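Here is the structure we will look at.
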Amino acid sequence: MSEADRQRWDARHAAAEDVVPLPPDALRGREDLVPTAGRALDVACGRGAVALWLAGRGLAVDAVDVSAVALDAGRRRAGDLPVRWWRHDLDDGLAARGPYDVVVAQRYRDPGLYPALRAALAPGGLLVITVLSEVDEGPGAWRAVPGELRAAFGDLDVLVHREANGEASLVARLRPPPGSPRRPPPPS
């Protein structure tokens with residue numbers, strides 16, 4: 158990422174208000190899919206609304222973003238929650254070390270990172286991804302083509318797939334290897 162882009166993101170986050178912990182958009186109403194223990198990765202976390210929600214749920218979270226301003230804001234808001242705030246330019250790759258029980262990428266799209274996101278999942282791990290989409294909006298440099306997420310992650314157990322109104326979302330679980338213990342279902 159260019160220095161000008163970094164400065165633009167820092168300025169944007171400096172002008173933003175404090176975040177409220179929220180689940181990823183694709184999980185609203187399906188929060189029970191998320192475990193209450195384990196490790197999570199929040200890719201391009203910004204000020205950390207999702208990272209804080211995951212940590213409040215009981216997960217140890219690695220929250221990654223290029224903006225030091227955003228990470229500092231999230232760190233201040235987190236208090237004692239188990240979040241590791243990590244400044245990293247995703248143009249240089251993912252660099253996170255899994256396995257993770259949950260991997261979230263909300264409103265960050267880089268098809269080149271799709272294999273790394275999948276590789277970061279633990280067996281039985283949950284992937285939650287939402288990107289801008291051409292569906293109902295038309296083409297754009299940052300927009301996914303129709304079917305992109307399903308094509309990239311179709312080998313996972315797809316639990317939710319939606320494409321509408323300029324967004325595409327996918328929630329999927331990595332199948333455990335044959336013969337491995339199944340992850341118990343989340344509490345009801």
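Okay, so the sequence shown: first residue is 158 according to this note's numbering, each after it adds one. The C-beta atom is built at its ideal place from N, Cα and C for all residues, glycine as well. Computed from a prediction, not measured in an experiment: that's the story for all the values here.
Of all the options the options, which has the alpha carbon lying nearest to the alpha carbon of residue i?
{"i": "V259", "options": "L316, P239, L313 and A277", "result": "A277"}
{"i": "G203", "options": "D189, V191, D219 and G215", "result": "D219"}
{"i": "A227", "options": "L270, A308 and E174", "result": "E174"}
{"i": "A127", "options": "L190, D182 and P178", "result": "Residue 127 is absent from the structure shown; the chain starts at 158 and stops at 345."}
Can you tell me the Cα-Cα spacing of residue i and residue j, whole angstroms?
{"i": "V288", "j": "G195", "result": "25 Å"}
{"i": "V292", "j": "P303", "result": "6 Å"}
{"i": "L327", "j": "L184", "result": "9 Å"}
{"i": "P256", "j": "E188", "result": "21 Å"}
{"i": "R214", "j": "A225", "result": "25 Å"}
{"i": "N322", "j": "I286", "result": "16 Å"}
{"i": "S345", "j": "G186", "result": "At S345 the pLDDT is 40, less than 50, meaning the model places this residue with poor confidence and gives no usable figure here."}
{"i": "G281", "j": "R330", "result": "6 Å"}
{"i": "A148", "j": "R307", "result": "The displayed coordinates of the chain run from 158 to 345. Any statement about residue 148 would go beyond what the structure contains."}
{"i": "A230", "j": "G236", "result": "11 Å"}
{"i": "G295", "j": "E320", "result": "12 Å"}
{"i": "P341", "j": "A197", "result": "A caution first: P341 carries a pLDDT of 49, below 50, which makes its placement in the model too unreliable to give a value."}
{"i": "L216", "j": "P192", "result": "8 Å"}
{"i": "W210", "j": "P180", "result": "6 Å"}
{"i": "D312", "j": "D249", "result": "26 Å"}
{"i": "R232", "j": "L283", "result": "24 Å"}
Please state whether the Cβ-Cβ distance between residue i and residue j is less than 8 Å.
{"i": "V176", "j": "A206", "result": "yes"}
{"i": "P334", "j": "A309", "result": "no"}
{"i": "A325", "j": "A301", "result": "yes"}
{"i": "L274", "j": "L247", "result": "no"}
{"i": "V200", "j": "A279", "result": "no"}
Could you spell out where the beta strand (DSSP E) holding residue i opens and where it closes?
{"i": "V226", "result": "From DSSP, V226 is part of no beta strand (DSSP E) but of the alpha helix (DSSP H) over A225 to A235."}
{"i": "R221", "result": "It is worth fixing the name first, because residue 221 is Val in this sequence and not Arg. V221 -> beta strand (DSSP E) spans A217 to D222."}
Between which two residues does the alpha helix (DSSP H) holding residue i run?
{"i": "P280", "result": "Premise fails: P280 lies in the beta strand (DSSP E), L278 to L289, not in any alpha helix (DSSP H)."}
{"i": "R307", "result": "E305 to F310"}
{"i": "V208", "result": "Per the sequence shown, the amino acid found at residue 208 is Ala instead of Val. Segment A206 to G213, the alpha helix (DSSP H) holding A208."}
Segment contact flag, the segment 209-225 with the segment 236-245, C-beta cutoff 8 Å, min 3 pairs: yes
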